[in-house]
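Sequential numbering from 1 applies to the sequence shown in UniProt numbering. From the three backbone atoms N, C-alpha and C, an ideal C-beta is built for every residue, glycine too. Taking it in order: structure first as structure tokens, then the write-up.
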Amino acid sequence: MEEEEDPCGHRLVDPTPLLQSPTRSFGIHISSLISRATSRRVLRQPSMLVRETAALQLEERQADWTYSRPVVVLDVIWNLAFVLLTVAVLGSTARERPSTPLRVWNAVYAMQCLLHVGLVYLEYRRRSRRRAEDDDDEEGLVESRSSVPKRLESLNTMVSFLWWIIGFYWIIVGGQALLQDAPRLYWLTAMFLAFDVFFAVFCIALACVMGIALCCCLPCIIAFLYAVAGQEGASEADISILPRFRFRQVNQEEKFDLENQQAVAPTVTELTRDSIDEIALSPDDSECCICLSQYEDGAELHSLPCNHHFHSGCIVKWLRINATCPLCKYNIIQAREQV
Numbered sequence: 001m002e003e004e005e006d007p008c009g010h011r012l013v014d015p016t017p018l019l020q021s022p023t024r025s026f027g028i029h030i031s032s033l034i035s036r037a038t039s040r041r042v043l044r045q046p047s048m049l050v051r052e053t054a055a056l057q058l059e060e061r062q063a064d065w066t067y068s069r070p071v072v073v074l075d076v077i078w079n080l081a082f083v084l085l086t087v088a089v090l091g092s093t094a095r096e097r098p099s100t101p102l103r104v105w106n107a108v109y110a111m112q113c114l115l116h117v118g119l120v121y122l123e124y125r126r127r128s129r130r131r132a133e134d135d136d137d138e139e140g141l142v143e144s145r146s147s148v149p150k151r152l153e154s155l156n157t158m159v160s161f162l163w164w165i166i167g168f169y170w171i172i173v174g175g176q177a178l179l180q181d182a183p184r185l186y187w188l189t190a191m192f193l194a195f196d197v198f199f200a201v202f203c204i205a206l207a208c209v210m211g212i213a214l215c216c217c218l219p220c221i222i223a224f225l226y227a228v229a230g231q232e233g234a235s236e237a238d239i240s241i242l243p244r245f246r247f248r249q250v251n252q253e254e255k256f257d258l259e260n261q262q263a264v265a266p267t268v269t270e271l272t273r274d275s276i277d278e279i280a281l282s283p284d285d286s287e288c289c290i291c292l293s294q295y296e297d298g299a300e301l302h303s304l305p306c307n308h309h310f311h312s313g314c315i316v317k318w319l320r321i322n323a324t325c326p327l328c329k330y331n332i333i334q335a336r337e338q339v
């Protein structure tokens, strides 16, 4: 799937879905939903941009987790077990005569499982080769998101959804007659349909939880990402050189100057090891975009080279995961803005 741009100019990539259901998966596109929300004027705020960036980070971690060796092995074993079960049931029900073509439905379902296994394996091999070659540039990332196996997997997901509807229709039409004429085929089909529904509900519920957490408790998401991914962003040395400030609220005279676009920054003096400069900000600019909390007098802030500022605790956790500004994607290590 090709890259898209949201109304704020940020490029989005098609996120990798979660662990596949018996044959397919239902992708979670949190960043796309947040991006559409930011197109509304009332939500076009820095805090929403931060949450969109965090959603992309979460989806990238999810993609890495989905195609990790343990998950791929589990996925392959799970789907092959469904294939073997289908073969066994079809072989033992030659004398059953269902009123609807359940035998055909289960055979196609098993073939979709095999196709899914093949596509997952190909994507896993391709990602493994890319990691071995240390191909971490942006062009390589775009290629990974639009690879042929992933395109085919998306097509397989769409076809399997339609096939699920057909199977459900045949079960309903057959009714009680299927239980009498072909009980094992009936229960095999019902089991596959139920598993697909379970995975769909699970993915939808997980998407809702992720969306609520991103909007209401972003620091929890950042802590989770750091626990899962470890320190893959900025090092402690990189973070330690960032300027720190102590926030103080502006007085009436400073507020008047800010409203009239006069002096907007405090005087900066050379810092000692234990001293921290004070910074006075306007009320409109005195909120941390990560935790959505207003700065309190005496709160310690970190300022990035791009002049965006955040609570020290919030931005340090973020930079340990990703060495870029959550607002403008300025890379504090490479001293350039990622585009």
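Subject >> Contact set for residue 81: own chain, Cβ-Cβ below 7 Å, skip 5 residues either direction >> reply: Within the sequence shown, residue 81 is the residue found at index 81, counting from 1. Counting only Cβ-Cβ distances below 7 Å, and skipping sequence neighbours, we find nothing.
**OP:** Check the C-beta distance from residue 178 over to residue 99 and give it rounded, since I have them as a contact under 8 Å.
**Re:** Position 178 of the sequence shown, counted from the start, is the residue given in the question as residue 178. Position 99 of the sequence shown, counted from the start, is the residue given in the question as residue 99. The pair is a contact, with the Cβ atoms about 6 Å apart (cut-off 8 Å).
Subject >> Burial state of residue 198 (16 or more Cβ within 10 Å) >> reply: Position 198 of the sequence shown, counting from 1, holds the residue named residue 198. Label assigned to residue 198: exposed.
Original post:
For residue 130, which option in 119, 147, 116 and 117 has the closest C-alpha, if you only look at C-alpha atoms?
Top reply: If you number the sequence shown from 1, residue 130 lands on position 130. Of 119, 147, 116 and 117, the residue nearest in Cα terms is 147.
Subject >> N-terminal and C-terminal residue of the beta strand (DSSP E) that residue 296 is part of >> reply: As a first step, residue 296 is located in the sequence shown; it is residue number 296 there, counting from the start. Where residue 296 is concerned, there is no enclosing beta strand (DSSP E), given that its DSSP letter is neither H nor E.
Subject >> Rounded C-alpha distance that separates residue 302 from residue 244 >> reply: Residue numbering aside, residue 302 sits at position 302 when the sequence shown is read from its first letter. Residue numbering aside, residue 244 sits at position 244 when the sequence shown is read from its first letter. Spanning the two alpha carbons is a distance of roughly 5 Å.
Subject >> Which listed residue (75, 299 and 206) has its alpha carbon closest to that of residue 117 >> reply: For the purposes of this step, residue 117 is taken as the residue at position 117 of the sequence shown. For the residues 75, 299 and 206, the minimum Cα distance to residue 117 belongs to 75.
Subject >> Buried versus exposed call for residue 233 [16 or more other C-beta atoms within 10 Å across all chains shown] >> reply: Taking the sequence shown and counting its residues from 1, one reaches residue 233 at position 233. Label assigned to residue 233: buried.
Original post:
Can the beta-carbon of residue 315 be found less than 9 Å from the beta-carbon of residue 323?
Top reply: Walking along the sequence shown from the start, residue 315 turns up at place 315. Walking along the sequence shown from the start, residue 323 turns up at place 323. No, the Cβ-Cβ distance between residue 315 and residue 323 is not below 9 Å.
**OP:** Per DSSP, which residues does residue 303 bridge with? Please list them.
**Re:** Looking up residue 303 in the sequence shown gives position 303. Per DSSP, 309.
**OP:** Out of 195, 313, 105 and 124, state which residue places its alpha-carbon closest to the alpha-carbon of residue 159.
**Re:** Numbered from 1 along the sequence shown, position 159 holds the residue referred to as residue 159. If we check each option's Cα against that of residue 159, 105 comes out closest.
Original post:
Between the C-alpha atoms of residue 52 and residue 183, what's the straight-line distance to the nearest angstrom?
Top reply: To locate residue 52, count along the sequence shown from 1; it is residue 52. To locate residue 183, count along the sequence shown from 1; it is residue 183. The straight-line gap from Cα to Cα measures roughly 49 Å.
Subject >> Simplified DSSP state of residue 96, which is helix, strand or coil >> reply: Taking the first residue of the sequence shown as position 1, residue 96 is located at position 96. Correct three-state label for residue 96: coil.
Original post:
Hey, out of 186, 202, 60 and 305, whose CA is closest to residue 241's CA?
Top reply: The residue labelled residue 241 in the question sits at position 241 within the sequence shown. Among 186, 202, 60 and 305, the Cα nearest to that of residue 241 belongs to 305.
**OP:** Would you list the residues sitting across from residue 244 in a DSSP beta bridge?
**Re:** Residue 244 sits at position 244 when you count from the first residue of the sequence shown. For residue 244, which the question treats as bridged, DSSP gives the partners 302.
Original post:
Where does residue 287 sit, in a helix, a strand or coil, going by DSSP?
Top reply: Here residue 287 refers to the residue found at position 287 of the sequence shown. Strand at residue 287.
Original post:
Distance, Cα to Cα, residue 114 vs residue 194?
Top reply: For the purposes of this step, residue 114 is taken as the residue at position 114 of the sequence shown. For the purposes of this step, residue 194 is taken as the residue at position 194 of the sequence shown. Cα-Cα distance, rounded: 19 Å.
**OP:** Please classify residue 203: does DSSP put it in a helix, a strand, or coil?
**Re:** Residue numbering aside, residue 203 sits at position 203 when the sequence shown is read from its first letter. Note: residue 203 maps to helix in three-state DSSP.
Subject >> Three-state secondary structure assigned by DSSP to residue 70 >> reply: For the purposes of this step, residue 70 is identified with residue 70 of the sequence shown, where counting begins at 1. It is helical.
Subject >> Assigned secondary structure, residue 88 (DSSP; H/G/I helix, E/B strand, else coil) >> reply: Position 88 of the sequence shown, counted from the first residue, corresponds to residue 88. Note: residue 88 maps to helix in three-state DSSP.
Subject >> C-beta contact flag for residue 300 and residue 246 at 9 Å >> reply: Locating residue 300 in the sequence shown gives position 300, counting from the first residue. Locating residue 246 in the sequence shown gives position 246, counting from the first residue. Yes, they are a contact pair.
Original post:
Should residue 84 go down as buried or exposed, given a rule of 16 or more other Cβ atoms within 10 Å for buried?
Top reply: Counted from its first residue, the sequence shown places residue 84 at position 84. Looking at its Cβ environment, which holds fewer than 16 other Cβ atoms inside 10 Å, residue 84 is exposed.
**OP:** Helix, strand or coil for residue 101, going by three-state DSSP, please let me know.
**Re:** Stepping through the sequence shown from its first residue, residue 101 is reached at position 101. Here residue 101 sits in coil by DSSP.
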